[in-house]
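Chains D and B, in that order, are what the protein sequence lines are.
First residue of the first sequence? That's 1 in our numbering, and the numbers climb one at a time after it.
First residue of the second sequence? That's 388 in our numbering, and the numbers climb one at a time after it.
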Amino acid sequence: MNIYLDYAASTPLDPRVAARMIECLTSAELQGNPASVTHAFGRRARELIEQARVQVAQAIGATPASIVWTSGATESDNLALFGAAQFHADRGKHIISARTEHKAVLEPLKKLEKQGFKVTYLKPDTDGIVQPEQLQAAITDQTVLVSLMHVNNETGVIQDIAAMGQLCRTRNVLFHVDAAQSAGRLPIDVNAMHIDLLSLTAHKIYGPKGIGALYVRRQPTLGLEPMIVGGGHEFGLRAGTLATHQIVGFGTALQLAIAECETDNARVSTLRERLWQGLQAVGGVELNGHITQRVPGILNVAFQGVEGESLMFALHELAVSAGSACATGSDEASYVLRALGRSDQLAQSSLRFSLGRFTTEADIDAALEIVAREVPRLRALTGQDLP
Amino acid sequence: MNVALSAANSFATVDYSADVVRLFKQACHAGSLAGIEHAVCGQAGMRAKGASVRLWLQFRDDRVQTARFEAYGCPHFLAAAEALCDWAEHRTRTELETWNWSEVAAYLAMPPAKRARLLVLEDALRHAAGVVGQNR
Chain D
1 MNIYLDYAAS TPLDPRVAAR MIECLTSAEL QGNPASVTHA FGRRARELIE QARVQVAQAI
61 GATPASIVWT SGATESDNLA LFGAAQFHAD RGKHIISART EHKAVLEPLK KLEKQGFKVT
121 YLKPDTDGIV QPEQLQAAIT DQTVLVSLMH VNNETGVIQD IAAMGQLCRT RNVLFHVDAA
181 QSAGRLPIDV NAMHIDLLSL TAHKIYGPKG IGALYVRRQP TLGLEPMIVG GGHEFGLRAG
241 TLATHQIVGF GTALQLAIAE CETDNARVST LRERLWQGLQ AVGGVELNGH ITQRVPGILN
301 VAFQGVEGES LMFALHELAV SAGSACATGS DEASYVLRAL GRSDQLAQSS LRFSLGRFTT
361 EADIDAALEI VAREVPRLRA LTGQDLP
Chain B
388 MNVALSAANS FATVDYSADV VRLFKQACHA GSLAGIEHAV CGQAGMRAKG ASVRLWLQFR
448 DDRVQTARFE AYGCPHFLAA AEALCDWAEH RTRTELETWN WSEVAAYLAM PPAKRARLLV
508 LEDALRHAAG VVGQNR
């Protein structure tokens, strides 16, 4: 038996999205290059891409011309950070972010530090929240860019993006938000939240892997240095032939996620609560991250008295994550949980359960049965007074 | 035969041999012999360092009658503790001194980075055998 509880890493493709993608892949009318608008094949593909651009733009309160297609949130983060930092370097070389950001943000920032930028990494509270006052105190005359994630991929904690955006706008600092985990789950309005750059991806909202978008503010136009050149596609910001089926899949997935957000969130919240109650009944568990300021689908739990790798092995029937699934091959303690003040030991014994549209009550009950069997067995192996 | 974890987790790249899987799941020597007559205990390692073990040996005459362990560590370490207990039963104290961690490492196909953890087991075994020596 394998139970998929790793929706924060990637969601299954919604069959309705798959149907639209298959249509694109199999229709003879859609085989043209969307950039070849001189013939009907290209124009039809372009039409579908522009429809998807409208769908994505509407989901975040933006205009279609502000949506740039990318390969996913990682590329969007890279384009936002390198593109904005390099284009606006004459305004200042100070960037602010947080210790709990995704590696797709932290690693570009490390590179920018090597290029002479100074980066301030805000430390969240033990509940994972970065306070707007911390940001306010960190902004200097040299600050050119702030990059913060809306929802943390490991803990599910929600940051007060609107308050951060207001601060950035007041101080004339560019504001980038990684919304990979929040789009389609939480309301996003780039204008009301004063967001200048927003990273999106399809595969966290039941869309295909390999497609994402970067929102780039257009009014007034925000300058950005492109990273991929060679054709002038996407307003000169990201060259390369567009993948019609992927983009159509993304647009459809985001539209569905927005339309079904309320019902999905309510159902997933109930399932998450059932899971949390069940885990608490096993005993010796601690919640990582804020107890209420979190998205419904993510539950990060520390298991006391068990070693992390053995815990994962004992629970191998459950597809869950220890730390970030994107940081594969490492058994080091999660830097996100360490930033929240967790010990190495407890951070290593933490698991992220993430639920979604296709999770059932039976999945949760089966998962709890496995945890209730294996965790006490591991604890019995250890003996509680072992140093 | 190696068994890869199917879980989508950061340890998914770790392969465990069929013997590791079997020993980890069975772990029939897990437990304590505290308070049992003629039982001695050797302890080594620390949880904070990723591996800790308490090895219990109950002797009858000069032979190990029962071996048990309590351990904190990765699946390879727990499997090695189980293998050690299984091996130790019915051996004399002198024979215990012949336990070779590198043979266990090879038997369990332990990744090189983890082999040092077997020294923790060796320390616990020596400690337990030493306690027997002191008791005699």
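No residue lacks a Cβ here, since even glycine has one placed at the ideal position from N, Cα and C.
Everything numeric in this text was worked out from a predicted model, so none of it was measured.
Residue 36/D carries a coil assignment under DSSP once its states are collapsed to helix, strand and coil. Two segments are said to touch when three or more pairs of C-beta atoms, one from each, lie closer than 8 Å; by this definition the stretch 461-470 of chain B touches the stretch 485-499 of chain B.
With distances taken between CA atoms, residue 514/B lies nearest to 426/B out of 503/B, 426/B and 452/B. In this structure the stretch 90-97 of chain D lies against the stretch 111-126 of chain D, because at least three pairs of beta carbons, one per stretch, are closer than 8 Å. In the structure shown, the three-state DSSP call for residue 402/B is strand. Separation of residue 385/D and residue 497/B (C-alpha to C-alpha, rounded to the nearest whole angstrom) is 27 Å.
Cα atoms of residue 26/D and residue 504/B: separation of roughly 55 Å, rounded to the nearest angstrom. In this chain, the alpha helix (DSSP H) harbouring residue 265/D covers 261-282. DSSP places residue 94/D within a strand segment (E or B) once states are collapsed to three. Counting the other Cβ atoms within 10 Å of the Cβ of residue 123/D gives fewer than 16, which makes it exposed.
For residue 193/D, same chain residues with a beta-carbon under 6 Å away, outside a window of 5 residues either side, are 161, 162 and 165 in chain order.
In the structure shown, residue 190/D adopts coil according to DSSP, grouped into three states. Note: residue 209/D is not bridge-paired with any residue in the DSSP secondary-structure output. Against chain B, the CB of residue 18/D has no partner CB under 8 Å away; the residue lies outside that interface. Secondary structure of residue 6/D (DSSP, three-state): strand. For residue 356/D, same chain residues with a beta-carbon under 6 Å away, outside a window of 5 residues either side, are 7, 11 and 297 in chain order.
Neighbours of residue 433/B in chain D, taken as residues at a C-beta separation under 8 Å, are given in chain order as 387. In this structure, residue 256/D lies near residue 14/D, with their beta-carbon atoms less than 8 Å apart. The Cβ of residue 404/B sits no closer than 8 Å to any Cβ of chain D. Taking a beta-carbon distance threshold of 8 Å, residue 107/D does not count as an interface residue toward chain B. Neighbourhood of residue 417/B in chain D, by CB distance below 8 Å: 380 and 381, in chain order. Burial state of residue 358/D is exposed, judged by a 10 Å Cβ sphere holding fewer than 16 other Cβ atoms.
For residue 310/D, the chain B residues whose Cβ falls inside 9 Å of its Cβ are 411, 459, 460, 461, 462, 464 and 465, in order along the chain. Non-local beta-carbon contacts of residue 453/B in its own chain, meaning distances under 6 Å to residues more than five positions away in sequence, involve 445 in chain order. For residue 78/D, the enclosing alpha helix (DSSP H) has its first and last residue at 73-87.
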